[in-house]
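Numbering (the UniProt record's numbering), first residue to last: 1 to 190.
Worksheet: one structure, shown below.
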Amino acid sequence: MTVVIYFIKRDGTDKYKKSLISVHLILLLLLTVDIFLINLKGVWLDRLLIVAFLFTASLTFALYRKTLRLWQKLYFGFYVFYPAFAAATFLIDRIMFAIVASPLIVSLTIPEVRFSSKDYDVRVPVGIIVPMRLQLIKKGLITEKSLGICNDDDVVALDISSISIAKETKDSTNAIITSNDKTYQATFIK
1 MTVVIYFIKR
11 DGTDKYKKSL
21 ISVHLILLLL
31 LTVDIFLINL
41 KGVWLDRLLI
51 VAFLFTASLT
61 FALYRKTLRL
71 WQKLYFGFYV
81 FYPAFAAATF
91 LIDRIMFAIV
101 ASPLIVSLTI
111 PEVRFSSKDY
121 DVRVPVGIIV
131 PMRLQLIKKG
141 LITEKSLGIC
151 NDDDVVALDI
161 SSISIAKETK
171 DSTNAIITSN
181 DKTYQATFIK
């Protein structure tokens with residue numbers, strides 16, 4: 001918008017200079033009063049004052065930057081470049097988070113499913129420092145329930161073809177695991 005006004009008003013811009021700077025200073029005074037002395041009703045009026053303040057500053061800089069003194073260029077230029085600098089700062093924050101967190105995000109992988117049936121899943125949690133173990137999950141309609149974890153090295157390495165629950169208690173679940181036509185007893189501790 002500022003660029004459009006710059007090209008439209010290029011010939012007669014000097015006659016609006018004093019009024020534009022006056023409006024900017026009045027908005028500065030209103031903002032100062034609003035911040036320190038009174039509160040205007042509603043949030044939108046405060047925001048409207050800030051947007052109008054920044055708009056008049058950027059418009060003054062865009063239209064009169066060749067005729068402004070050095071201190072005026074610094075003052076009005078600050079209000080043009082500060083929002084862009086603030087936006088870039090927030091963007092750099094997100095980019096740096098992505099760079100730093102990407103190794104962590106990559107290491108958070110989905111657990112490996114060793115066996116899946118209509119009622120149960122046997123999963124191996126995957127991660128950087130996770131020990132090899134099996135986790136028995138009972139499937140529900142929308143939810144799932146962990147029936148326990150087995151740390152037995154003989155059972156963890158098996159290629160599971162079926163599983164059946166022998167006994168379920170409050171603290172553990174005993175299961176019979178079939179692998180290569182052999183059966184193994186496994187205890188999954190909650």
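A virtual CB, placed ideally from N, CA and C, is assigned to each residue, including glycine.
(request) Identify, in the order they occur along the chain, each residue of the same chain with its Cβ nearer than 6 Å to the Cβ of ASN174, setting aside the five sequence neighbours on each side. (result) Mapped onto the sequence shown, residue 174 falls at position 174. Only ALA166, LYS167 and THR187 meet the Cβ criterion.
(request) Using the DSSP secondary-structure output, state which residues sit across from ILE177 in a beta bridge. (result) Within the sequence shown, residue 177 is the residue found at index 177, counting from 1. Answer is ILE163 and TYR184, bridged to ILE177.
(request) Could you pull the start and end residues of the alpha helix (DSSP H) that TYR64 belongs to? (result) To locate residue 64, count along the sequence shown from 1; it is residue 64. Where TYR64 is concerned, the enclosing alpha helix (DSSP H) stretches over 43-64.
(request) Look at TYR79 and LYS17 and say whether their C-beta atoms are less than 7 Å apart. (result) Reading the sequence shown from its first residue, position 79 is the one you call residue 79. Reading the sequence shown from its first residue, position 17 is the one you call residue 17. Going by C-beta atoms, TYR79 is not nearer than 7 Å to LYS17.
(request) Would you be able to state if there are at least three C-beta pairs under 8 Å between the region 136-152 and the region 115-127? (result) Counting Cβ pairs under 8 Å, three or more are found: they touch.
(message) Determine, for MET96, whether the minimum Cβ-Cβ distance to residues of chain B falls below 7 Å.
(response) The chain labelled as chain B is not found in the depicted structure, where only one protein chain is given.
(request) Using alpha carbons as the reference points, say which of THR109, MET96, VAL100 and LEU54 lies closest to PRO83. (result) Taking the sequence shown and counting its residues from 1, one reaches residue 83 at position 83. Per the Cα distances, LEU54.
(message) Tell me whether PRO125, by its Cβ, gets closer than 6 Å to a heavy atom of the ligand SAM.
(response) Because no ligand of any kind appears in the structure shown, any question about the ligand SAM cannot be addressed here.
(message) Quick check on DSSP: helix, strand or coil for residue 192?
(response) Past the boundaries of the shown model lies residue 192; the chain is included only from 1 to 190, so the question cannot be answered.
(message) Between LEU20 and LEU49, how many whole angstroms is the CB-CB distance? I'm expecting something under 8 Å.
(response) Within the sequence shown, numbered from 1, the residue matching residue 20 stands at position 20. Within the sequence shown, numbered from 1, the residue matching residue 49 stands at position 49. Contact doesn't hold; Cβ gap of about 16 Å is too wide.
(message) Between ILE149 and ILE189, how many whole angstroms is the CB-CB distance? I'm expecting something under 8 Å.
(response) Looking up residue 149 in the sequence shown gives position 149. Looking up residue 189 in the sequence shown gives position 189. Contact between ILE149 and ILE189 is confirmed by a C-beta separation of about 6 Å, below the 8 Å threshold.
(request) Go to ASP121, then tell me how far its beta strand (DSSP E) extends in each direction, as first and last residue. (result) Locating residue 121 in the sequence shown gives position 121, where the first residue counts as 1. Per DSSP, ASP121 belongs to the beta strand (DSSP E) from 120-124.
(message) Between THR56 and LEU29, how many whole angstroms is the CB-CB distance? I'm expecting something under 8 Å.
(response) In the sequence shown, the residue the question calls residue 56 occupies position 56. In the sequence shown, the residue the question calls residue 29 occupies position 29. Rounded, the Cβ-Cβ distance is 13 Å, inconsistent with contact.
(message) Rounding to the nearest angstrom, what Cα-Cα distance links LEU70 and PHE76 in this structure?
(response) Within the sequence shown, residue 70 is the residue found at index 70, counting from 1. Within the sequence shown, residue 76 is the residue found at index 76, counting from 1. CA-to-CA, the gap between LEU70 and PHE76 works out to about 10 Å.
(request) May I ask you to report which of helix, strand or coil DSSP gives MET1? (result) Stepping through the sequence shown from its first residue, residue 1 is reached at position 1. Confidence at MET1 is low in this model, with a pLDDT of 49, below 50, so its placement is unreliable and no value can be given for it.
(request) Could you tell me which residues DSSP puts in a beta bridge with GLN135? (result) As a position in the sequence shown, residue 135 is number 135, starting the count at 1. Assignment of beta-bridge partners to GLN135 by DSSP yields ARG123 and ILE149.
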